[in-house]
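Numbering (the working numbering), first residue to last: 175 to 808.
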């Protein structure tokens, strides 16, 4: 199973945005568990013709009829669609078979196999569009990357390609002609239905190859048609007979400018006993050893915070842990290593802790500590040398999540927002979101106004944030999206619509629906950046992509009485992540490409950052699911 990975940036961020990383990159939460139990209702269903197919070289093909094809825009629409789905029996019967055939076809593409070793599914001519008519257009050519789209024209012509020619053409289009250990081809199945004689499947294709020794990444949405076997023999498999790839996006990287990262976690933390005794051990072990009354949380949603606790100019690291294990504060040394000072700093709390902040809450120039624990929300004052004292214990704010800080009232000090997600839940007892696609039984979020002297006042209702304050709120991100000088607030909610609150000084107005930023889904995080450099901050929201969910929801016998509006929301919920462009007029436009930024897998946190210092904001998405031993039974 995929493991969840986190990444730390060495550079510090403004205090008002410090929480974005904390809430965005460090959550593993129960929303995904429930969505899985409820059959992962939906997926990234990009619209496109399922009956059209692709193209091929003249040297090894026979021509078919000339067909007009829909524009590529319609083929990769960012709107979810509802296919004519089959019964769950069809999906169950053929899904595993098709997945295994895609793996064999991918192997053939990578190896350039001859006819004798082509998979059984590649033994018939394949109808596809003639590659001689493909149109290539350069969309971007920067210092580090060149982006090209390869598109089927409106007057595209189909051909019948031999299996060998089909493989040869795709290898060229995917830039995997040169054999390289880094080459890869992956096809993710997320739609399947049948008319009794054929199967129609939709899948997302991603490939890594080389163009002149430079890495090239390709992605596309592919529609395929398979001829069902006439024999019931176990060896009989569907045969690929049509292939449609109307639009291929290719990113060619400059090898000199390639962004690369090294995992240095063990190098910087390995000198601490807590590295081997605690951080190298997963919840599968701890749940059998920690007393239940200490509230250890199996899902492991525990945040971290980065800040300079001792004034030496170096960023230090605070790690939240499950109940029964001490939270950890690591001081950064001049050589870049981290030293555990948790006990000396008096911050080694044993309470189950879900989130933290290292920000200056009393304007004395050092980073204070705010903690969201199971039983209370804690405020700790820093003496400037990295030792902390407890000054506030807000017991009415237990079960908090993803705390964030911003000076919303512009009075010069940082205020705090504490999300509550499912605040009234008990240990091991997760409330069922109801209704599933628009849950209204979550916890009530709380806005704490800084009164000075590390004292805070609950001003949630007075500021307008009490509107629909019953969602399963998962993450919050502050930003001045309308350029009026104050910070606005976006809240990503699990199991329902997200919320955008525009600031009018000391009061917030809910602009979620009117602004077009609601983004119905499994909201996991939100990050702001002016990615197109037009002067307005744009928004990226992470959610969940589920191929299995798409297959299930598309079935004709899946909740047959479900209203179509509800079904469309289910499909949108797991379409994947969303890129919202700020128009500058208070409106956001969904520009999500299903082949690029929309596909983040089972996404959790996301963060904009300029990784290669070229002046353009890049995007990092943390994805995966609960890490545990692979039992090989899934």
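Positions of the beta carbon are idealized from the N, C-alpha and C atoms, including for glycine.
All of these numbers come straight from a predicted model, not from anything done at the bench.
Inset, instruction - Would you tell me roughly how many angstroms separate the C-alpha atoms of residue 410 and residue 422, rounded to the nearest one? - result: Position 236 of the chain shown holds residue 410. Position 248 of the chain shown holds residue 422. Approximately 31 Å, taken between the alpha carbons.
Legend entry - residue 608 versus 644, 335 and 573, residue with shortest Cα-Cα distance: The count along the chain shown starts at 1 and reaches residue 608 at position 434. When only C-alpha atoms are compared, the closest one is 644.
Legend entry - beta strand (DSSP E) segment containing residue 381, residue limits: Along the chain shown, one-based indexing puts residue 381 at 207. Run containing residue 381: 372 to 385, per the beta strand (DSSP E) assignment.
Inset, instruction - Would you mind sorting residue 413 into buried or exposed? The rule is 16 or more other CB atoms within 10 Å of its CB. - result: On the chain shown, position 239 is the one that residue 413 refers to. Using a 10 angstroms sphere on the CB of residue 413, the tally of other CB atoms reaches 16 or more, which defines it as buried.
Inset, instruction - Measure the C-alpha to C-alpha separation of residue 655 and residue 690 and round it to an integer number of angstroms. - result: Stepping through the chain shown from its first residue, residue 655 is reached at position 481. Stepping through the chain shown from its first residue, residue 690 is reached at position 516. Their backbone Cα atoms lie some 13 Å apart in a straight line.
Inset, instruction - Would you decide whether residue 435 is buried or exposed? Buried here means 16 or more other CB atoms lie within 10 Å of its CB. - result: Taking the first residue of the chain shown as 1, we reach residue 435 at position 261. It is exposed - the Cβ of residue 435 has fewer than 16 other Cβ atoms within 10 Å.
Legend entry - Alpha-carbon to alpha-carbon, residue 438 and residue 514: What you label residue 514 is simply residue 340 of the chain shown in a count that begins at 1. What you label residue 438 is simply residue 264 of the chain shown in a count that begins at 1. Taking the straight line joining both Cα atoms gives about 17 Å.
Inset, instruction - Give the straight-line distance between the Cα atoms of residue 337 and residue 349, rounded to the nearest whole angstrom. - result: Taking the first residue of the chain shown as position 1, residue 337 is located at position 163. Taking the first residue of the chain shown as position 1, residue 349 is located at position 175. Cα to Cα, residue 337 sits roughly 18 Å from residue 349.
Legend entry - Helix, strand or coil at residue 334 according to DSSP, with G and I counted as helix: Walking along the chain shown from the start, residue 334 turns up at place 160. The answer is strand: DSSP assigns residue 334 an E or B state.
Legend entry - Span separating the alpha-carbon of residue 593 from that of residue 772: One-based indexing of the chain shown puts residue 593 at position 419. One-based indexing of the chain shown puts residue 772 at position 598. Those two C-alpha atoms are separated by around 26 Å.
Legend entry - Cβ shell of residue 564 (< 6 Å), same chain only, five flanking positions each side left out: Taking the first residue of the chain shown as position 1, residue 564 is located at position 390. Counting only Cβ-Cβ distances below 6 Å, and skipping sequence neighbours, we find 554.
Inset, instruction - Pair every Cβ in the stretch 298 to 308 with every Cβ in the stretch 325 to 336, then say whether three or more of these pairs are closer than 8 Å. - result: yes
Legend entry - residue 347 (DSSP reduced to helix, strand or coil): Counting from 1 along the chain shown, the entry for residue 347 is found at position 173. In the structure shown, residue 347 sits in a helix (DSSP, three-state: H, G or I).
Legend entry - Span separating the alpha-carbon of residue 698 from that of residue 578: Start at 1 with the first residue of the chain shown, and residue 698 comes out as number 524. Start at 1 with the first residue of the chain shown, and residue 578 comes out as number 404. If I take the Cα positions, the gap works out to 15 Å.
Inset, instruction - State buried or exposed for residue 420, treating a residue as buried only when at least 16 other CB atoms are found within 10 Å of its CB. - result: Against the chain shown, residue 420 aligns to sequence position 246. Residue environment analysis places residue 420 among the buried positions, since at least 16 neighbouring C-beta atoms fall within 10 angstroms of its C-beta.
Inset, instruction - Whole angstroms is fine: what's the gap from residue 384's alpha carbon to residue 284's? - result: As a position in the chain shown, residue 384 is number 210, starting the count at 1. As a position in the chain shown, residue 284 is number 110, starting the count at 1. For residue 384 and residue 284, the distance between alpha carbons rounds to 12 Å.
Legend entry - Status (buried if at least 16 other CB within 10 Å, exposed otherwise) for residue 249: As a first step, residue 249 is located in the chain shown; it is residue number 75 there, counting from the start. At residue 249, the pLDDT of 34 sits below 50, so the modelled position is not reliable; the number obtained from the coordinates is stated separately. Around the CB of residue 249, 16 or more other CB atoms lie within 10 Å, so the residue is classed as buried.
Inset, instruction - State whether the stretch 440 to 449 contacts the stretch 786 to 794, with contact taken as three or more CB pairs (one from each stretch) at a distance under 8 Å. - result: no
Legend entry - Unbroken beta strand (DSSP E) run spanning residue 362, endpoints: Taking the first residue of the chain shown as 1, we reach residue 362 at position 188. Element bounds for residue 362: 358 to 368.
Legend entry - Length at least 3, wholly inside the stretch 708 to 787: the beta strand (DSSP E) runs in chain order: 712 to 716, 752 to 756, 762 to 764 and 777 to 783
Inset, instruction - Report yes if the CB atom of residue 366 is closer than 8 Å to the CB atom of residue 725, and no otherwise. - result: Numbered from 1 along the chain shown, position 192 holds the residue referred to as residue 366. Numbered from 1 along the chain shown, position 551 holds the residue referred to as residue 725. Yes, the pair counts as a contact, with Cβ atoms nearer than the cut-off.
Inset, instruction - Identify whether residue 797 lies in helix, strand or coil by the three-state DSSP scheme. - result: Here residue 797 corresponds to residue number 623 of the chain shown, with the count starting at 1. In the structure shown, residue 797 falls within a strand segment according to DSSP collapsed to helix, strand and coil.
Legend entry - residue 457 - containing alpha helix (DSSP H), residue span: As a working note, residue 457 is residue 283 in the chain shown. Note, residue 457: alpha helix (DSSP H), 457 to 463.
Legend entry - Identity of the residue in 675, 509, 786 and 523 nearest residue 651 by Cα: Sequence index remark: in the chain shown, residue 651 carries index 477 (1-based). Selected option, being the one with the closest Cα: 675.
Inset, instruction - Tell me whether residue 323 sits in a helix, a strand or coil according to DSSP, three-state version. - result: Sequence index remark: in the chain shown, residue 323 carries index 149 (1-based). Residue 323: strand per DSSP, three-state reduction.
Inset, instruction - Go ahead and label residue 314 buried or exposed: buried means 16 or more other beta carbons lie within 10 angstroms of its beta carbon, across all protein chains shown. - result: Here residue 314 refers to the residue found at position 140 of the chain shown. Residue 314 is exposed by the Cβ-count criterion.
Legend entry - Per-residue DSSP class, three states only, for residue 236: Here the question's residue 236 lines up with position 62 in the chain shown. With a pLDDT of 33 at residue 236, under the threshold of 50, the modelled position of that residue is not reliable, and the figure given next carries that caveat. DSSP, reduced to helix, strand and coil, places residue 236 within a strand of the structure shown.
Inset, instruction - With DSSP collapsed to three states, give me the class of residue 518. - result: Taking the chain shown and counting its residues from 1, the one referred to as residue 518 is at position 344. Helix, per DSSP.
Legend entry - residue 481 burial status per 10 Å Cβ neighbour count (16 or more: buried): Within the chain shown, numbered from 1, the residue matching residue 481 stands at position 307. Classification of residue 481: buried, given that the 10 Å Cβ count is 16 or more.
Legend entry - Distance, residue 346 Cα to residue 210 Cα: As a position in the chain shown, residue 210 is number 36, starting the count at 1. As a position in the chain shown, residue 346 is number 172, starting the count at 1. Residue confidence is low: residue 210 scores 35 on pLDDT, short of 50, so the model does not pin down where it sits. No coordinate-derived value is stated.
Inset, instruction - Please list, in chain order, all residues of the same chain as residue 442 whose beta carbon is under 7 Å from its beta carbon, the five residues on each side excluded. - result: Residue mapping note: residue 442 aligns to position 268 of the chain shown, counting from 1. The beta carbon of residue 442 sits closer than 7 Å to the beta carbons of 510, 511 and 512 from its chain, once the five residues preceding and following it are set aside; these are given in chain order.
Inset, instruction - Return the chain-ordered list of same chain residues with a C-beta closer than 6 Å to the C-beta of residue 380, the five sequence neighbours on each side being excluded. - result: One-based indexing of the chain shown puts residue 380 at position 206. Answer for residue 380: 360 and 393, listed in chain order.
Legend entry - At least three beta-carbon pairs within less than 8 Å, the stretch 755 to 768 to the stretch 776 to 783: The stretch 755 to 768 makes no contact with the stretch 776 to 783, as fewer than three CB pairs between them are under 8 Å.
Legend entry - Spatially closest choice to residue 427 from 454, 404 and 386, by CA coordinates: For the purposes of this step, residue 427 is identified with residue 253 of the chain shown, where counting begins at 1. Taking only the C-alpha atoms, the option nearest residue 427 is 386.
Inset, instruction - Check whether the stretch 460 to 472 touches the stretch 498 to 507, taking contact to mean three or more Cβ pairs, one atom from each stretch, closer than 8 Å. - result: Under the three-pair Cβ rule at 8 Å, the stretch 460 to 472 counts as touching the stretch 498 to 507.
Inset, instruction - In angstroms with no decimal places, state the Cα-to-Cα distance between residue 590 and residue 618. - result: As a position in the chain shown, residue 590 is number 416, starting the count at 1. As a position in the chain shown, residue 618 is number 444, starting the count at 1. Cα-Cα distance, rounded: 14 Å.
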